[in-house]
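Residue numbers (the numbering used here): 180 to 507. In this text, a Cβ means the ideal position worked out from N, Cα and C, and glycines have one as well. Accompanying notes for the structure given below.
Below you can see the structure in the form of structure tokens.
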């Protein structure tokens, strides 16, 4: 099984050993197009009322457990090592990458570290990228997670695959320790479930994805040396996911301070603080899924604020199901 084969501190070895992937000084750089080719980025932007839509940028945060998994991504997007003493962080135009270390605890901590370092951005997209084992799939097969199972807690989550899927999907089981056993019908790793749980606290699940490349199976043992080549197989589908989630992030960030219809609904209906939070979250979901929907029409004949929030929540779930998303 993948994960533990990296061993020791290999996940955090000095990136200078990786050639161009090891640029460590963050400073003035040549302006490059962002991941979707929209020109140079001002990463300190915060959406504000009245700002032109074109001024609001999406944010995509990548997370890998190991530097061996990160290097091909660093090279692909021309990322630079950011200064700092915590987890290794690499930065580019609209895109950030954190190397967390192996395991669920390290992944959750690394996600929190990057989120805090970026100033707790609202509406950022998050993608976990790495290797995973599978009983039968050949090494090099790329899969997008459609189901995440935490083997320690039994918790199961279903990512919201609201975008065009550039590769087949698969279920992933996250384990605590490396093992030679492969769960039937699932990929197996050591971080995905923890990543999803941590990022859904900071963002909406419509902006969270897990993309894995098979590194080993019952007949082919894991090889550290093959990791860079395996990650190269993942770059094309990853680029497609990054592009789509970048646009979804931009849509959410454009309305981060006040999602569409939020101010009107709060002014028209008496809502408790908890219901306002729930309303805001569901409106963010709708902003990412179907920004063209007129929510005010859907709640026009509601009896009270409680029914307003319930209708918006049901609307978000119906839209999710219509887009092929399984809502937990």
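Around the Cβ of residue i, are there at least 16 other Cβ atoms within 10 angstroms (buried) or fewer (exposed)?
i: residue 381; result: buried
i: residue 425; result: buried
i: residue 142; result: As shown, the chain starts at 180 and ends at 507. That puts residue 142 outside it, with no answer to give.
i: residue 432; result: buried
i: residue 236; result: buried
i: residue 279; result: buried
i: residue 341; result: buried
i: residue 466; result: buried
i: residue 223; result: Caution applies to residue 223, whose pLDDT of 39 falls short of 50 and renders its modelled position unreliable; the value that the coordinates give is listed next. By the 10 Å Cβ count, residue 223 comes out exposed.
i: residue 312; result: buried
i: residue 281; result: buried
i: residue 429; result: buried
i: residue 387; result: buried
Below 6 angstroms CB to CB, which residues in the same chain sit around residue i once its five sequence neighbours on both sides are set aside?
i: residue 256; result: 271 and 274
i: residue 416; result: 321, 345 and 346
i: residue 512; result: This structure cannot speak to residue 512, because the chain is shown only from 180 to 507.
i: residue 286; result: 279, 370, 373 and 374
i: residue 349; result: 322 and 366
i: residue 419; result: 345
Please name the residue, chosen from the options, that lies closest to residue i on a Cα-to-Cα basis.
i: residue 239; options: 303, 499 and 430; result: 303
i: residue 448; options: 474, 485 and 472; result: 485
i: residue 407; options: 392, 420 and 421; result: 392
i: residue 427; options: 400, 450 and 470; result: 470
i: residue 291; options: 376, 457 and 445; result: 376
i: residue 301; options: 395, 482 and 384; result: 384
i: residue 326; options: 335, 288 and 451; result: 335
i: residue 244; options: 289, 254 and 313; result: 289
i: residue 398; options: 501, 367 and 315; result: 315
i: residue 456; options: 413, 483 and 491; result: 491
i: residue 363; options: 355, 379 and 396; result: 396
i: residue 251; options: 411, 343 and 476; result: 411
Excluding five sequence neighbours on each side, which residues of the same chain lie with their C-beta closer than 8 angstroms to the C-beta of residue i?
i: residue 284; result: 373
Leaving aside the five residues before and after residue i along the sequence, list all residues of the same chain whose C-beta is less than 7 angstroms from its C-beta, in chain order.
i: residue 409; result: 310, 318, 319, 392 and 394
i: residue 452; result: none
- Task: Only counting runs of 4 or more residues, tell me where the alpha helix (DSSP H) segments fall wholly within the stretch 390 to 441, in order along the chain.
- Result: 406 to 433
- Message: Taking 8 angstroms as the cut-off, does the stretch 323 to 331 touch the stretch 456 to 463 (at least 3 CB pairs, one atom from each stretch)?
- Response: no
- May I have a chain-ordered list of the beta strand (DSSP E) segments no shorter than 3 residues that lie completely inside the stretch 300 to 330? 304 to 312 and 321 to 329
- Quick one: complete alpha helix (DSSP H) runs, 4+ long, within the stretch 339 to 392? 371 to 381
- Query: Taking the runs of the alpha helix (DSSP H) that are 4 residues or longer, which of them lie wholly in the stretch 243 to 294?
  - Reply: 246 to 256
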